[in-house]
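Student: Take this structure first; my questions come after.
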Amino acid sequence: MIALGLSVALGQAAARRPNVLFIAIDDLNDWVGCLGGHPQVRTPNIDRLARRGVLFSNAHCQAPICNPSRVSLLTGVRPSTSGVYELNQPHHLSPVLKNAVTLPAQFKAGGYHVLGRGKIYHGRYKYPADWHDFKTTGSARNQQWRTKPVSSVPGIQVRDFGPIDLPEEKFTDLVNARWAAGQLKRDFGKPFFLAVGIRLPHVPLYAPRRFFERHPEQEVKLPAVREDDIADLPPAGIEITRYMYGTPMNHKSMQASGNWGNAVAAYLACTEFVDHCVGVMLDALDASDHAKDTLVVLWSDHGWHLGEKQHWAKRSLWGESTRVPLILAGPGLAKGNCSRPVGLIDLYPTLSELCGLGAPPQTLEGHSLVPLLQKPDTVWPHPAITTFHQNDHTIRTEHWRYIRY
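Structure follows, in structure tokens:
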């Protein structure tokens, strides 16, 4: 009876063409309350969204780096198929994707009003034809990063972190969240697809001071790190731990700088600021006329290491890099935790089914999550696959991970 009721509700939702609030977060790992990644993090807004829908607790990116992860999600095509493996590979230059229709463009073709702010695509290409209204907007924190580093690890300025004494309303992530809140008051005369890209907790880890004050460095709990954790790795696996963009950035260099605790505190602070931005949008949605007919999707493009496996940042095939928050909540969807392995690549076919979109010209390689959104514990035969560079892959099932270098 429950499944039948959900099926009817989903059918009615599809007929009504639900709105979509699409929240993309950069570099957020499982350090959110509902995923239990760190005992001191406070993310009440992400947690309340998880309670309202399905939390995919075993969700993984298809590439542990921004551009290929986002290209895979937005086109529904795996990196191993598209050949998009690195940061500076715009998807339209891939021979496989030259005629692909991105997810926002598919919503636009399907009759939705499509608008967004912030980081959705990676890089300088903005693809304005995909949208009715889209801007990335600038960042006050980037100007301070270039002119006045706060507490950088010596020689690695891109790893900078610390509080910035600027009014909160000047932080781009909050600017974009408040813009989205304003859009949620509007009546577009048609269903909308509203995308908001939140840049934090991507480095540099700058946030308003009040979020840093919650996490004094001397009180921060550091992640467990085994000194011998890479002793059993092949050379290719060990190489991953040594460099980030050609710069030494392994755990030993962070320890030597004396900034491990400060960096963890900064990540917690920025994550909690992100949660505040999410709350601004959820509050606006709840107060709007769209509260009962809007699907909320929250995801991160990949995770982030803070010393685990002797590694920092992303670019690995371990769970700290591949596991991501993924939540879907809205009309007709179940509530609860789903431990089945899923990927961000599954969002394109899922939203296409929920919103009654047609099929794009490219073959979608993900699987619709609608069966899990109806019944989170349903049998699910599909593993999650993550690719790093051309020949390095990991397969994640519900209980196991296999890595091939």
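Here the sequence shown is numbered in our numbering, starting from 114 and rising by one per residue. For every residue, glycine included, the Cβ atom is placed at its ideal position computed from N, Cα and C.
1) Residues in the same chain with beta-carbon distance under 6 Å from Asp143, minus the five sequence neighbours each way, listed in chain order, please.
2) Please state whether the Cβ-Cβ distance between Tyr525 and Tyr240 is less than 8 Å.
3) Is the Cβ-Cβ distance between Ala137 and Gly371 less than 8 Å?
4) Under DSSP, the beta strand (DSSP E) around Pro454 begins and ends at which residues?
5) Any idea what DSSP makes of Leu206, helix, strand or coil?
6) With a 10 Å radius around its C-beta and 16 neighbouring C-beta atoms as the bar for buried, classify Trp513 as buried or exposed.
7) Rounded to whole angstroms, what's the CA-CA distance from Val387 to Pro329? Just pull it up for me.
8) So, for Arg161: in the same chain, excluding its five sequence neighbours on each side, which residues have a beta-carbon less than 8 Å away from its beta-carbon?
9) Exposed or buried, what is Lys232 when buried is set at 16 or more other beta-carbons lying within 10 Å of its beta-carbon?
10) Of all the options Val133, Glu478, Gly392, Gln475, which has the alpha carbon lying nearest to the alpha carbon of Pro303?
11) Using only alpha-carbon positions, find the residue among Asp399, Val288, Val197 that is nearest to Pro208.
12) Using a Cβ-Cβ cut-off of 8 Å (strictly less than) and excluding sequence neighbours within five positions of Leu228, which residues of its own chain qualify?
13) What are the uninterrupted segments assigned as alpha helix (DSSP H) that are 4 or more residues long and contained completely in the stretch 305-353, given in chain order?
14) Quick one, which of Phe169, Gly146, Pro152 has its alpha-carbon nearest Trp412's?
15) Return the CA-CA distance between Arg237 and Ile440, expressed in angstroms with no decimal places.
16) Sort out for me which residues DSSP pairs Asp505 with in a bridge.
17) What's the gap between the Cα of Ile159 and the Cα of Ala320?
18) In this structure, does DSSP put Thr407 in helix, strand or coil?
19) Mind checking who Arg436 pairs with in its DSSP beta bridge?
20) Which of the three DSSP states is assigned to Tyr461 in this structure?
21) Do you know how far the Cα of Ala290 is from the Cα of Lys90?
22) Report the option in Cys468, Ala397, Glu281, Ser429 whose CA atom is closest to the CA atom of Ile343.
23) Do Leu216 and Ser195 have their CB atoms nearer than 8 Å?
24) In its own chain, which residues sit with a C-beta less than 8 Å from the C-beta of Arg327, not counting the 5 before and 5 after it?
25) How long is the line joining the alpha carbons of Val214 and Pro192, rounded to whole angstroms?
26) Where does Pro241 sit, in a helix, a strand or coil, going by DSSP?
27) In chain order, what residues of the same chain lie with their CB nearer than 6 Å to the CB of Phe135, ignoring the 5 residues before and after it?
28) So Lys248 is in the beta strand (DSSP E); what residue range does that whole segment cover?
29) Between which two residues does the alpha helix (DSSP H) carrying Val133 extend?
30) Going by C-alpha to C-alpha distance, which of Gly471, Pro489, Pro496, Asp490 sits closest to His480?
31) Determine the closest residue to Val492 out of Leu477, Ser452, Thr476, with distance taken between C-alpha atoms.
32) Give me the Cα-Cα distance between Ile508 and Ala404, rounded to the nearest whole angstrom.
Tutor: So, from the listed chains and residues:
1) As a working mapping, residue 143 is identified with position 30 in the sequence shown. Only Gly150, Arg436 meet the Cβ criterion.
2) Absent from the structure is residue 525, since the part of the chain shown begins at 114 and ends at 518.
3) Within the sequence shown, residue 137 is the residue found at index 24, counting from 1. Within the sequence shown, residue 371 is the residue found at index 258, counting from 1. No, the Cβ-Cβ distance between Ala137 and Gly371 is not below 8 Å.
4) Stepping through the sequence shown from its first residue, residue 454 is reached at position 341. Judged by DSSP secondary structure, Pro454 falls outside any beta strand (DSSP E); it is assigned neither H nor E.
5) Counting from one through the sequence shown, the residue named residue 206 turns up at place 93. It is helical.
6) On the sequence shown, residue 513 is found 400 positions in, with the first residue counted as 1. Under a 10 Å Cβ-count criterion, Trp513 is classified as exposed, with fewer than 16 other Cβ atoms of the shown protein chains found around its own Cβ.
7) If you number the sequence shown from 1, residue 387 lands on position 274. If you number the sequence shown from 1, residue 329 lands on position 216. The C-alpha of Pro329 is placed about 19 Å away from the C-alpha of Val387.
8) For the purposes of this step, residue 161 is taken as residue 48 along the sequence shown, with counting starting at 1. Beyond the five residues adjoining it in sequence on each side, Arg161 comes within less than 8 Å, by CB distance, of Leu395 in the same chain, given in chain order.
9) Taking the sequence shown and counting its residues from 1, the one referred to as residue 232 is at position 119. Answer is buried; the Cβ neighbour count reaches 16.
10) Here residue 303 corresponds to residue number 190 of the sequence shown, with the count starting at 1. Reading off the sequence, residue 303 comes out as Lys, not Pro. The candidate whose alpha carbon is nearest that of Lys303 is Val133.
11) Taking the sequence shown and counting its residues from 1, the one referred to as residue 208 is at position 95. With respect to the C-alpha of Pro208, the residue from Asp399, Val288, Val197 having the closest C-alpha is Val197.
12) Here residue 228 refers to the residue found at position 115 when the sequence shown is read from its first residue. Excluding sequence neighbours, Leu228 sits near Trp244, His245, Asp246, Phe247, Gln296, Phe305, Phe306, Leu307, Ala308.
13) DSSP assignment within the stretch 305-353 yields the following whole alpha helix (DSSP H) runs of 4 residues or more, N-terminal first: 322-325, 348-353.
14) Locating residue 412 in the sequence shown gives position 299, where the first residue counts as 1. Cα-wise, what sits closest to Trp412 is Phe169.
15) Locating residue 237 in the sequence shown gives position 124, counting from the first residue. Locating residue 440 in the sequence shown gives position 327, counting from the first residue. Approximately 28 Å, taken between the alpha carbons.
16) In the sequence shown, the residue the question calls residue 505 occupies position 392. In DSSP, Asp505 forms a bridge with Phe501.
17) Indexing the sequence shown from 1 puts residue 159 at position 46. Indexing the sequence shown from 1 puts residue 320 at position 207. Their backbone Cα atoms lie some 18 Å apart in a straight line.
18) Residue numbering aside, residue 407 sits at position 294 when the sequence shown is read from its first letter. In the structure shown, Thr407 sits in a strand (DSSP, three-state: E or B).
19) In the sequence shown, residue 436 corresponds to position 323, counting from 1. The partner list for Arg436 (beta bridge, DSSP) reads His173.
20) Along the sequence shown, read from residue 1 onward, the residue named residue 461 stands at position 348. In the structure shown, Tyr461 falls within a helical segment according to DSSP collapsed to helix, strand and coil.
21) Outside the displayed span of the chain (114 to 518) sits residue 90, for which this structure offers no information.
22) For the purposes of this step, residue 343 is taken as the residue at position 230 of the sequence shown. The residue with the shortest Cα to Cα distance from Ile343 is Ser429.
23) As a position in the sequence shown, residue 216 is number 103, starting the count at 1. As a position in the sequence shown, residue 195 is number 82, starting the count at 1. No, the Cβ-Cβ distance between Leu216 and Ser195 is not below 8 Å.
24) The residue given as residue 327 occupies position 214 in the sequence shown. So the list reads Arg155, Leu381, Ala382, Glu385, once near-sequence residues are dropped.
25) Mapped onto the sequence shown, residue 214 falls at position 101. Mapped onto the sequence shown, residue 192 falls at position 79. Going from the Cα of Val214 to the Cα of Pro192 covers about 16 Å.
26) The residue given as residue 241 occupies position 128 in the sequence shown. Pro241 falls in the helix class under three-state DSSP.
27) The residue labelled residue 135 in the question sits at position 22 within the sequence shown. Same-chain partners within the cutoff: Ala308, Val410.
28) Indexing the sequence shown from 1 puts residue 248 at position 135. Segment 246-248, the beta strand (DSSP E) holding Lys248.
29) Stepping through the sequence shown from its first residue, residue 133 is reached at position 20. For Val133, there is no enclosing alpha helix (DSSP H); the residue is found in the beta strand (DSSP E) stretching over 132-138.
30) As a working mapping, residue 480 is identified with position 367 in the sequence shown. Cα-wise, what sits closest to His480 is Pro496.
31) Looking up residue 492 in the sequence shown gives position 379. Considering only Leu477, Ser452, Thr476, the residue with the shortest C-alpha distance to Val492 is Ser452.
32) For the purposes of this step, residue 508 is taken as the residue at position 395 of the sequence shown. For the purposes of this step, residue 404 is taken as the residue at position 291 of the sequence shown. Cα-Cα distance, rounded: 37 Å.
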